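Peer 1: In our numbering, the protein residues as written are 860 to 1072.
#1: From residue 875 to residue 928, what does the alpha carbon distance come to, in whole angstroms?
#2: Once the 5 residues before and after residue 957 are set aside, which same chain residues still bring their CB inside 8 Å of it?
#3: Counting only the same chain and skipping the five closest in sequence on each side, list residues whose C-beta sits under 7 Å from that of residue 879.
#4: Assuming residue 925 is part of the alpha helix (DSSP H), what are its boundary residues?
#5: Does residue 993 come out as helix, strand or coil in the three-state DSSP assignment?
#6: Have a look at residue 1076 and residue 895 and give me their C-alpha separation to the nearest angstrom.
#7: According to DSSP, residue 1040 sits in a beta bridge with which residue or residues?
#8: Along the chain, where does the alpha helix (DSSP H) that runs through residue 975 open and close?
#9: How big is the Cα-Cα spacing for residue 973 and residue 933?
#10: Report buried or exposed for residue 1059, applying the criterion of at least 16 other Cβ atoms within 10 angstroms of its Cβ.
#11: According to DSSP, simplified to helix, strand and coil, what is residue 897?
#12: Can you tell which of 925, 881, 1057 has its C-alpha closest to the C-alpha of residue 985?
#13: On the premise that residue 897 lies in contact with residue 885, defined as a C-beta separation below 8 Å, what is that separation, rounded to the nearest angstrom?
#14: Using only CA atoms, which one of 908, 1062, 1044 lies nearest to residue 990?
#15: Residue 1029 and residue 942: beta carbons closer than 8 Å?
#16: Sort 967, 945, 995 by Cα distance to residue 959 and report the nearest one.
This is the structure in C-alpha cells:
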C-alpha cells in the first residue's frame, strides 16, 4: 500500500517531537546569545525524553513502529543533547576555536554512542521482550542535568571562566564512549531526576530573575 506521508504518527512519539522542537528553539536562543532560555529549552527536552519511553510502552506497537521509535528517539537525542549543548558552549565561549573543537568532539561522541545504542537495542529487542535494565556508557541525557548546574555556577560568578563548560563537555564526551554499565533509573529514580530539574528551574528563575528568558 502506498503511503501518503512517510513515518508513523501516534501519541507515542509526541513527547519525542516536543523535545526535539524545544531543543531546536534552544539552539536558536544560543545563537542569539539568550543563554538562559537555551538552558531552559535543554531542560524541557530532558523532561520530554525522560517520559517518552513510558508513554510508548502504553501502546501495542508493531515491530516496524518499535524500530521507528528507537531511531526517532536517538535522532531527537542527538539534536537535544549533542548539537544544542555543543552550540551553546561554542557561543558562550565567544566562539573560541578550542571550545569549538571540543564542542565538535562532544557532538561526535554523542553521535557514536547513540548509533551504537541503536544497534544494541535492536539486537536486544530481537532476543527478548523484557525492558532494558542498564545503560552501556553515560547516557547523553546527563547533559540536561549537569549543564544547568554549571550555567548557574557560571552566572552566579562562582566560576567566571567559560572553560568550565568545555571541561564539562570533554568529561561527558569521554563518558559517552566509556564501556561502563549504569543502572537504568526506575520510576523513583526518574522522580528524583525530575525534582532535581525542578530545583534547577526554581534556582534559575528565583535567583537569576525572569530575565533568564
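The beta-carbon is built from N, C-alpha and C at its ideal position, and this holds for glycine as well. All figures in this text were calculated on a predicted structure; none of them were measured in a lab.
Peer 2: The short version:
#1: 9 Å
#2: 1025
#3: 935, 938, 939
#4: 922–937
#5: strand
#6: Lying before the first or after the last residue shown, residue 1076 is absent from the chain, which here runs from 860 to 1072.
#7: 995
#8: 956–986
#9: 6 Å
#10: buried
#11: helix
#12: 925
#13: 5 Å
#14: 1044
#15: no
#16: 945
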